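Asks: Protein sequence lines, in the order shown, are assigned to chains A and B.
Take the first sequence: its position 124, counted from the start at 1, is 152 in my numbering, and no numbers get skipped.
Take the second sequence: its position 124, counted from the start at 1, is 125 in my numbering, and no numbers get skipped.
We treat Cβ as the ideally placed atom computed from N, Cα and C, and that holds for glycine.
Bear in mind that the values here come from a model prediction, so they are computed numbers and not experimental data.
Got a structure for you, written out below as structure tokens; questions coming shortly.
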Amino acid sequence: MIDKPSFDEKKAVQKAKKGNASSFGLLYDHYVSKIYRFVFVKVMSRQDAEDICQQVFLSAWQNIRAYEEVGFPFSSWLYRIARNAVIDFYRLRRPTVNIENIEPLLADYSDASFAIEQGLAVERILRAVARLTDEQREVVVMKFVEDLDNEEIARALEKNEGAVRVLQHRALENLKKFVADADRIREA
Amino acid sequence: MNEIDLLHNLKQLKRITPREEFSRQLRQTIVAPEPTFSPLFRIFSWPVVAPALIAVFALAVVFVQLYTAHQQQSRVLSGLNNEDILSELASSGDINIYLNEIAYYDRADQKISTALAEASGDGID
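Shown next as structure tokens:
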């Protein structure tokens, strides 16, 4: 089920472009978790994801007047800012994705509904995602976690829709392989 | 794992969310509410109004100072009016006494001078 905003996004964007902070707050509320997830899956570190996320929204608020909607969805614009922020982050720090960081992060979720089986499933899938290429991870999160359509993803990644579909296919194939490998190692 | 299970598991990644405290603080940082000021304060905080009011006030102070100084000067000068001085003195009887004394001593001096002159002329040869 596609996560549609519970407010008029176009109106909020127009008001935010005129400097209305409350309207940008609505956009922030809708996108903060999505952008955080997108960044987290790329850097696999809570602290780094928070730092980058902060940079993304500050940059978006400072530059929203420059955003033009014509054929360019707001979500794509925001994801592009996030993508560039991660690239800049890599340029400065060059971190390596540490799969060991995943377990402590999942332990932070004290929600009782987050059952152990689900926690293990998330851990398993995250480890597999961590082995994908950068672009494959981006497509997997945007398409299969956040339910963006191919046009939005293509705009965000500055690719055509055909390239996005190819990336999706390869990402899924690799994920199946990585999960199967992990299951084999666990059962051995 | 088949594709359906894989997609279902990928959806579980939606459980990854930022810390509430982080989200709240970042929101406050970005969309901090503007402080509310009374309309009067907003008028006086305009960059043109405040300096203009200060200039008007300064001019008013200078004007009052000048006016006060002028008034004081007028009182002093008006005190030096000859007619007033004379009428004031005339209203006092003392000046007449002084003038009479002066005239008396003036006549006395003349008599003394005359007497001395006569005495020196009849002086011993």
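Going by Cα to Cα distance, which pick from A:200, A:75, A:155 is closest to residue 172 of chain A?
Replies: Per the Cα distances, A:200.
Asks: Which residues, in chain order, does the segment 190-209 of chain A contribute to contact with chain B at a C-beta distance below 7 angstroms?
Replies: Those would be 200, 203, 204, 207, 208, in chain order.
Asks: Quick check: the Cα distance between residue 74 of chain A and residue 115 of chain A, rounded to an integer number of angstroms?
Replies: So the two alpha carbons sit approximately 17 angstroms from each other.
Asks: Which residues of chain A have a Cβ atom closer than 9 angstroms to the Cβ of residue 4 of chain B, listed in chain order?
Replies: In chain order: 200, 204.
Asks: Compute the Euclidean distance between the alpha carbons of residue 51 of chain A and residue 154 of chain A, then round it to the nearest angstrom.
Replies: Using only the alpha carbons, I get a separation of about 34 angstroms.
Asks: Provide the residue span of the alpha helix (DSSP H) that contains residue 24 of chain B, from first to last.
Replies: Its alpha helix (DSSP H) spans residues 21-31.
Asks: Looking at residue 31 of chain B and residue 89 of chain A, is the spacing between their C-beta atoms short of 8 angstroms?
Replies: Yes, the pair counts as a contact, with Cβ atoms nearer than the cut-off.
Asks: Cα-Cα, which of A:150, A:76, A:202, A:99 is closest to residue 110 of chain A?
Replies: Cα-wise, what sits closest to residue 110 of chain A is A:76.
Asks: Which residues of chain A have a Cβ atom closer than 8 angstroms to the Cβ of residue 18 of chain B, listed in chain order?
Replies: Neighbours of residue 18 of chain B on chain A, chain order: 61, 64, 65.
Asks: Tell me, to the nearest whole angstrom, how far the beta carbon of residue 158 of chain A is from that of residue 72 of chain A; I am working on the premise that it is less than 8 angstroms.
Replies: Indeed, because the Cβ distance is near 6 angstroms, the residues count as touching under 8 angstroms.
Asks: Got a sec: which bits of the segment 160-171 of chain A sit with their beta carbon under 8 angstroms from any beta carbon on chain B, in order along the chain?
Replies: Listed by position along the chain: 168, 169.
Asks: Counting C-beta neighbours from all protein chains within 10 Å, is the total for residue 53 of chain A 16 or more, i.e. buried, or is it exposed?
Replies: Per the 10 Å Cβ criterion, buried.
Asks: For the segment 75-91 of chain A, list every residue whose C-beta sits within 7 angstroms of some C-beta in chain B, in sequence order.
Replies: Within the segment 75-91 of chain A, the residues whose Cβ lies closer than 7 angstroms to some Cβ of chain B are 78, 81, 82, 85, 86, 89, listed in chain order.
Asks: Looking at the unbroken alpha helix (DSSP H) that takes in residue 4 of chain B, where does it start and where does it end?
Replies: Looking at the DSSP string, the run of the alpha helix (DSSP H) that includes residue 4 of chain B is 4-12.
Asks: Taking the beta carbon of residue 60 of chain B as the centre, do at least 16 other beta carbons fall within 10 Å, making it buried, or is it exposed?
Replies: Residue 60 of chain B should be labelled exposed.
Asks: 8 angstroms is my cut-off, CB to CB: does residue 173 of chain A come that close to chain B?
Replies: Interface residue, yes.
Asks: To the nearest angstrom, how far is it from the Cα of residue 151 of chain A to the Cα of residue 168 of chain A?
Replies: Residue 151 of chain A and residue 168 of chain A: Cα-Cα distance of roughly 16 angstroms.
Asks: Quick check on the burial criterion: 16 or more other C-beta atoms within 10 angstroms. Buried or exposed for residue 141 of chain A?
Replies: Residue confidence for residue 141 of chain A is low, a pLDDT of 49 falling below 50, so the modelled location carries little weight and cannot support an answer.
Asks: Would you mind stating whether residue 230 of chain A and residue 178 of chain A have Cβ atoms separated by less than 8 angstroms?
Replies: With chain A represented from 29 up to 216, any question about residue 230 of chain A goes unanswered, as that position is not in the structure.
Asks: Going by DSSP in three states, residue 103 of chain A sits in which element: helix, strand or coil?
Replies: Helix.
Asks: Note down the Cα distance separating residue 7 of chain B from residue 202 of chain A, rounded to an integer number of angstroms.
Replies: Looking at the two C-alpha atoms, the distance is approximately 11 angstroms.
Asks: Could you check how far apart the C-beta atoms of residue 108 of chain A and residue 156 of chain A are, in whole angstroms? I think they sit under 8 angstroms.
Replies: Not confirmed; about 26 angstroms, so no contact.
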